[in-house]
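S.K.: Got a structure for you, questions after.
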Ligand code: FAD
């Protein structure tokens, strides 16, 4: 079957939905969102686990309390989303070694300070390397220590994978403030998206407007020319439009899920390939009762192991869901890929061994485990984009720039806020505005041609 419309939006994550909303509000009513999975939300995704609602993807609203308001925080307040203040800066005072001893706070604070200093130095040296070979020559590389002991490795992990703001300014925190709030709402983080979409994707009874949003539509081919675009889905449907907005993740762009006809130009594919994909995995474990310390400053704790990132970063959910008896451990990149490839039972066994090292042999076994697989999900291929710290705005310009009638949006196209929900949200607005401008120009051209003929 063949369907025609003005604009096709590929992907119903936060960026696709915010893009659609802006278009609809500005008179582009004839649009279709094609979503590969059976739901909206993309990397915002809740799941019922152990009697509560847990967030497999985005969990925090990051950047709250500053001079400028974070638009996602504003949305959350407007819709009454339940959130909990969350502060992982205390994690460094709860570092366990393999025998279950907590490192004294003085030792932890010292190690932390050293790690921040050497991370800053490493950054400076990269900058020097980047700016001129001369500057790099003058740099004393021996000064920079590399983490070796378990506590150094653990701190290096939390610093680089969680607290980069300690090392370099991050727009999310400098613009919107340093506060972070954990979403703790049974309706999920995704409730924000349903609220955003309710006026133009759903009927007043909550039914999906099928002429606007189609689920289970995996886009496999995108043909584009000077006159329009044609999109083919896995089930053989064809959709034609004047323009397409592509909101799939950087990992999907790097994969061969969607083929382009004609192929994307070199400057585009090179920019896409240069962007790193971070895999970030939250594993949830449910216990019959709790055996970990609770109370102020205890929400997060760290396991120091000789392998970097081996079940390092832990959080209990008692603050958000008291009595839920759930622990969350976060793995990244290589460790994420490793556990995605093994059975959940093996992961459970590894996690239990780590917990027994920290809390002793008598703790109860977990009764349930949940392991998200963002890396092996062909509609995601990772968790979020990561640009090298020393990257110029050229990289973003190329990733963001339209190719003919194909426009690009998504978290990875946000120069200031890539990797965050608000990055996705704001990128959708930016891309739609660029497209609206293009439509205006085209109309103007048509008008001029008409008056001349
Ligand atoms: P997506 O949400 O990925 O939307 C793209 C959509 O396109 C998806 O629905 C996908 O199914 C669909 N799609 C893919 N391929 C096709 C195809 N071929 N055809 C049709 N549809 C397709 N951000 C924060 O602010 N705070 C956090 O605490 C946080 N933690 C995170 C933790 C994890 C584990 C992950 C994975 C992400 C986290 N993020 C966090 C990042 C945040 O979730 C993302 O930046 C944001 O949700 C991305 O939105 P998006 O619209 O750009 O992409």
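Residue numbers (the UniProt record's numbering): 3 to 455. The C-beta atom is built at its ideal place from N, Cα and C for all residues, glycine as well.
1) Using the C-alpha atoms, what's the distance from residue 211 back to residue 54?
2) Just how far apart, CA to CA, sit residue 29 and residue 5?
3) Can you tell me whether DSSP reads residue 222 as helix, strand or coil?
4) In chain order, what residues of the same chain have a beta carbon less than 7 Å from the beta carbon of residue 43, not counting five sequence neighbours either side?
5) Based on the DSSP secondary-structure assignment, which residues constitute the bridge partners of residue 24?
6) Between residue 266 and the rest of its own chain, which residues show a CB-CB distance below 7 Å, the 5 nearest in sequence each way excluded?
7) So residue 68 packs on residue 178, CB below 8 Å; how close in whole Å?
8) Give a single yes or no on whether residue 46 has its beta carbon closer than 7 Å to a heavy atom of the ligand FAD.
9) Give a yes or no on whether the C-beta atoms belonging to residue 224 and residue 246 are separated by under 8 Å.
10) Report the CB separation of residue 182 from residue 62 in whole angstroms; it is logged as a contact under 8 Å.
11) So residue 80 and residue 202 are in contact, right, with Cβ under 8 Å, and what is the actual spacing, rounded?
12) CA-CA distance, residue 354 and residue 273?
13) What is the residue span of the beta strand (DSSP E) that residue 283 lies within?
14) Could you say which of 279, 92 and 10 lies nearest to residue 254 if we only look at CA atoms?
15) Just to confirm the assignment, what range does the beta strand (DSSP E) spanning residue 315 have?
16) On the three-state DSSP scale, how would you describe residue 430?
17) Please confirm whether any heavy atom of the ligand FAD lies closer than 7 Å to the CB of residue 376.
18) Going by alpha carbons, who is nearest to residue 411 out of 429, 423, 257 and 336?
19) If you drop the 5 nearest sequence neighbours on each side, which residues of the same chain put their C-beta closer than 6 Å to that of residue 478?
20) Is any heavy atom of the ligand FAD found at a distance shorter than 7 Å from the C-beta of residue 381?
21) Using the Cβ count rule (16 or more neighbours within 10 Å means buried), how would you classify residue 377?
22) As a quick exercise: from 72, 285 and 19, pick the residue whose alpha carbon is nearest that of residue 345.
23) Let me know the secondary structure DSSP gives residue 62 once reduced to three states.
24) Taking 8 Å as the threshold (C-beta atoms), are residue 291 and residue 363 in contact?
25) Between the region 106-118 and the region 75-90, do three or more beta carbon pairs fall short of 8 Å?
26) Count the other CB atoms, across all protein chains shown, that sit within 10 Å of the CB of residue 439; report buried if there are 16 or more and exposed otherwise.
27) Among 220, 208, 21 and 420, which residue has its Cα nearest to the Cα of residue 235?
28) Could you tell me the boundaries of the beta strand (DSSP E) in which residue 246 lies?
29) Provide the residue span of the beta strand (DSSP E) that contains residue 270, from first to last.
30) Which whole-angstrom value is the C-beta distance of residue 283 and residue 374, which I expect to be below 8 Å?
31) Using the Cα positions of residue 56 and residue 121, report the straight-line distance between them to the nearest angstrom.
32) Between 323, 446, 90 and 38, which lies nearest to residue 239 when the distance is taken from Cα to Cα?
33) For the ligand FAD, is there a heavy atom less than 7 Å away from the beta-carbon of residue 23?
34) Cβ of residue 67 versus every heavy atom of the ligand FAD: is any distance shorter than 7 Å?
35) Would you mind listing the alpha helix (DSSP H) stretches within the region 288-347 that are 4+ residues and don't spill past its ends, in chain order?
M.R.: Put simply:
1) 30 Å
2) 20 Å
3) strand
4) 15, 192 and 195
5) Answer by DSSP bridge pairing: none, since residue 24 is not bridged.
6) 405
7) 5 Å
8) yes
9) yes
10) 5 Å
11) About 17 Å separates the two Cβ atoms, so there is no contact after all.
12) 41 Å
13) 282-288
14) 279
15) 315-318
16) helix
17) yes
18) 429
19) Residue numbering for the chain in the displayed model covers 3 to 455; residue 478 lies beyond these limits and cannot be assessed.
20) yes
21) buried
22) 285
23) strand
24) no
25) no
26) exposed
27) 220
28) 240-248
29) Run containing residue 270: none in the beta strand (DSSP E); it sits in the alpha helix (DSSP H), 268-276.
30) 6 Å
31) 33 Å
32) 38
33) no
34) no
35) 335-343
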